[in-house]
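Read the structure below first, then the notes.
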Amino acid sequence: MRRILFIIVFALIITAAGCTRDNKIDELNPAKTESGSNLAEEGTTDENDTDEKTSEENNFEENNSEENNMEERYPTDEKSGLSNDSPIQYSISSNEYTAKDGNILIKYPSLSGLGNEYDGQKINDMIREEATAYLRLIGEDIDNLQMYEINYVVKFSGSKLLSIAYDGLANYEGAAHPINVFYSTNIDLENIKKLSLSDMIGDIEALADLYMSALTEEHDDEVMKAACDHIYQMNTRDDIVNGLKEADNAYGSGLNIFTYYSKEGMGISWGVPFALGDHVEIEIPYEKLDNIIDIEKIE
Numbered sequence: 205m206r207r208i209l210f211i212i213v214f215a216l217i218i219t220a221a222g223c224t225r226d227n228k229i230d231e232l233n234p235a236k237t238e239s240g241s242n243l244a245e246e247g248t249t250d251e252n253d254t255d256e257k258t259s260e261e262n263n264f265e266e267n268n269s270e271e272n273n274m275e276e277r278y279p280t281d282e283k284s285g286l287s288n289d290s291p292i293q294y295s296i297s298s299n300e301y302t303a304k305d306g307n308i309l310i311k312y313p314s315l316s317g318l319g320n321e322y323d324g325q326k327i328n329d330m331i332r333e334e335a336t337a338y339l340r341l342i343g344e345d346i347d348n349l350q351m352y353e354i355n356y357v358v359k360f361s362g363s364k365l366l367s368i369a370y371d372g373l374a375n376y377e378g379a380a381h382p383i384n385v386f387y388s389t390n391i392d393l394e395n396i397k398k399l400s401l402s403d404m405i406g407d408i409e410a411l412a413d414l415y416m417s418a419l420t421e422e423h424d425d426e427v428m429k430a431a432c433d434h435i436y437q438m439n440t441r442d443d444i445v446n447g448l449k450e451a452d453n454a455y456g457s458g459l460n461i462f463t464y465y466s467k468e469g470m471g472i473s474w475g476v477p478f479a480l481g482d483h484v485e486i487e488i489p490y491e492k493l494d495n496i497i498d499i500e501k502i503e
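So in this note's numbering, the last spot in the sequence shown is 503, and the numbers never skip.
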């Protein structure tokens, strides 16, 4: 009997010890679970932080994109006196007008890619008509024109203004020598209108004074100097004023006075005798024209 009682007591002691061990293990397990939960929380990025960072990055990318677009849409030429901040972009290609088996050859520019806000066909028609205007002016005398070769330079191309200078040679039957030819076309692209000097300059007399002053400046080229001296000596101030008033309509008046516009200034071409080159061009910087020129048209 005692032996049986001893066995029962021993079994109860072992059972109690096992329960105590399990309770201690259970107490440790929540600690492991909580620690694991904390690690998971530390490794998770906060959604608000992520959204904020993404928003900042997106704003930065959008700002960069706007700056890049501005550079593409509004290019500038750092070397120029005027910025070529053109909101439109167009291409310029070369065309030719030929007649009399190629003895008459006039090269002139043509624009493409102007966009819907511009009537490209009308602009190109105007360029062509102006480039060939001299041939219509001389009428039947074209039969005596043995050679007429003209090339061009685009002096300025902006969103509002296109300025083209033409030069070359003309030779008539029986003439002692060819003639050096110069003329120009300035076009208001928005209104598809040919611009004369009087459209651009508010005070012709002030321009005449600037021009006469430029004639007396020093010139390294001897022919250029002689041509400027000739204009100055052979024309009174009133002659210069009246000549400038007729500029860019010069073929009709026979004066051969034309203007063009570059990035640095306004050029004036004046007819002189053959021995002096037939024409001479002088550019007046825009800063000297500040109070008399409609600079907003030169964009």
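Ideal Cβ positions, reconstructed from N, Cα and C, are used throughout, including at glycine.
These numbers were taken from a predicted model, which means no experiment stands behind them.
Simplified DSSP assignment, three categories, for residue i
i       : result
Val-476 : coil
Gly-481 : coil
Glu-300 : strand
Lys-397 : strand
Leu-365 : strand
Ala-412 : helix
Asp-371 : strand
Ser-466 : coil
Ser-239 : Any reading at Ser-239 is ruled out, since the residue's pLDDT is 34, under 50, leaving its predicted position unreliable.
Leu-419 : helix
Leu-309 : strand
Gln-350 : strand
Asn-439 : coil
Tyr-356 : strand
Euclidean distance between Cα positions of residue i and residue j
i       : j       : result
His-423 : Ala-431 : 10 Å
Leu-315 : Phe-360 : 13 Å
Asp-513 : Leu-339 : The shown model of the chain, from 205 to 503, leaves out residue 513, and the question about it has no answer.
Asp-347 : Gly-306 : 14 Å
Leu-318 : Phe-478 : 40 Å
Lys-501 : Ala-380 : 42 Å
Ser-466 : Gly-372 : 20 Å
Asp-403 : Glu-450 : 11 Å
Ile-383 : Ala-374 : 5 Å
Arg-332 : Tyr-464 : 17 Å
Glu-276 : Met-330 : Here the model assigns Glu-276 a pLDDT of 28, short of 50, so the residue's position is not dependable and the matter cannot be decided.
Lys-326 : Ile-435 : 37 Å
Glu-344 : Lys-311 : 22 Å
Asn-320 : Asp-498 : 26 Å
Phe-462 : Leu-309 : 21 Å
Leu-452 : Asp-433 : First, the residue type needs correcting, since residue 452 is Asp and not Leu in the sequence shown. Their backbone Cα atoms lie some 22 Å apart in a straight line.
Glu-353 : Ala-303 : 11 Å
Glu-409 : Ala-418 : 14 Å
Tyr-356 : Asn-299 : 10 Å
Glu-485 : Gly-378 : 28 Å
Local Cβ density within 10 Å of residue i, reported as buried at 16 or more and exposed below that
i       : result
Asn-390 : buried
Asp-253 : Interpretation of Asp-253 is limited by its pLDDT of 41, a score under 50 that renders its predicted location unreliable; no figure is taken from the coordinates.
Leu-401 : buried
Leu-341 : exposed
Met-438 : exposed
Close-in-space but distant-in-sequence residues of the same chain around residue i (CB under 7 Å, 5 per side omitted)
i       : result
Ala-412 : Arg-441, Ile-444, Val-445 and Leu-448
Tyr-376 : Asn-348, Leu-349 and Gln-350
Thr-165 : Residue numbering for the chain in the displayed model covers 205 to 503; residue 165 lies beyond these limits and cannot be assessed.
Lys-492 : Leu-414
Residues of its chain near residue i, where Cβ-Cβ distance is below 6 Å and the 5 sequence neighbours each way are ignored
i       : result
Gly-469 : Glu-487, Ile-488, Pro-489 and Tyr-490
Asp-392 : Leu-399
Residue j beta carbon less than 8 Å from that of residue i
i       : j       : result
Tyr-415 : Ser-388 : no
Asp-482 : Gly-471 : no
Phe-386 : Ser-473 : yes
Leu-365 : Val-427 : no
Ala-313 : Ile-368 : For the sequence presented, residue 313 should be read as Pro rather than Ala. Contact: yes.
Tyr-294 : Ala-335 : no
Asp-407 : Ile-496 : yes
Contact with chain C by residue i, beta-carbon distance below 8 Å
i       : result
Gln-437 : Looking at the structure shown, chain C is missing, and only one protein chain is on hand.
Residue i CB to nearest heavy atom of the ligand ATP below 7 Å
i       : result
Arg-441 : For the ligand ATP, the structure offers nothing, since it holds no ligand at all.
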